[in-house]
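Residue numbers (UniProt numbering): 1 to 250. The C-beta atom is built at its ideal place from N, Cα and C for all residues, glycine as well.
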């Protein structure tokens, strides 16, 4: 009797797996045959949304209808609304996880629907509602393709105030008084952070960058997981940075 029950349970699990495989096999593939964007695109980060209509499926009613607005370079714009109002759906449309049924999304004069999906996604940075981390180290999560050195990684962490949530991560303040007055405030801040990390590298570089991360970042606090995602986005120096409910769970 026990053996029969066990075999029936295994059969149910197998049928469920077959159903999932079948559902994935019938999903429409994304189009990778569009054009490549210019190498430096986007250069400004200007965004134009014109009469945007988005549906989760062709037979379903739109979750976004006739949305139009513009965001200029260096502007910070917040989209607010009740749960289910379509905020995350708009983010999905911007990254083309959902394709627009009507209207257009234009970034620096180029309709993103005409670009290859992988290229358009790579040029935009997203910090999702739930931080996505992989098993490995802080370094492998910040820079999975090994494109940046320790100075850049530590500068990104420090710019996110990692030292405020992680004991033992302290930097020596850099002196800015002698810096030329022609520098902008933002460039001074970046230079100061990079200068600070020089003091961190000898003793803390290995400890910080090689800190182990479990699958999903479960060995880190919610705040630390969010800061790692933020630092990962900052390292790429995106022209458009999207934060989808970044304070959720804080």
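Measure the beta-carbon distance from residue i to residue j and round it to whole angstroms, keeping in mind my assumption that it falls under 8 angstroms.
i, j, result
"residue 143", "residue 235", "7 angstroms"
"residue 217", "residue 133", "3 angstroms"
"residue 212", "residue 137", "6 angstroms"
"residue 275", "residue 103", "A question about residue 275 goes unanswered here, because the residues of the chain that appear run from 1 up to 250."
"residue 214", "residue 158", "Between residue 158 and residue 214 the Cβ distance is about 23 angstroms, and since that is not below 8 angstroms, they are no contact."
"residue 65", "residue 53", "6 angstroms"
Give me, in chain order, the residues of the same chain whose beta-carbon lies closer than 8 angstroms to that of residue i; leave out the 5 immediate sequence neighbours on both sides.
i, result
"residue 58", "101"
"residue 70", "46, 47, 48, 49"
"residue 56", "63, 89, 98"
"residue 16", "none"
"residue 210", "137, 138, 139"
"residue 24", "none"
For residue i, name the three-state secondary structure that DSSP assigns.
i, result
"residue 124", "coil"
"residue 236", "coil"
"residue 17", "helix"
"residue 221", "coil"
"residue 133", "coil"
"residue 35", "strand"
"residue 51", "strand"
"residue 213", "strand"
"residue 141", "helix"
Report yes if the C-beta distance between residue i and residue j is below 8 angstroms; otherwise report no.
i, j, result
"residue 243", "residue 127", "yes"
"residue 257", "residue 40", "Outside the displayed span of the chain (1 to 250) sits residue 257, for which this structure offers no information."
"residue 44", "residue 239", "yes"
"residue 117", "residue 96", "yes"
"residue 231", "residue 125", "no"
"residue 119", "residue 36", "yes"
"residue 228", "residue 163", "no"
"residue 83", "residue 34", "no"
If you drop the 5 nearest sequence neighbours on each side, which residues of the same chain put their C-beta closer than 6 angstroms to that of residue i?
i, result
"residue 110", "none"
"residue 107", "42, 47"
"residue 121", "95"
"residue 5", "none"
"residue 26", "none"
"residue 226", "131"
**Request:** Note down, one range per segment and in chain order, each alpha helix (DSSP H) of at least 4 residues found wholly within the segment 54-115.
**Result:** List check, alpha helix (DSSP H) in window: 87-94.
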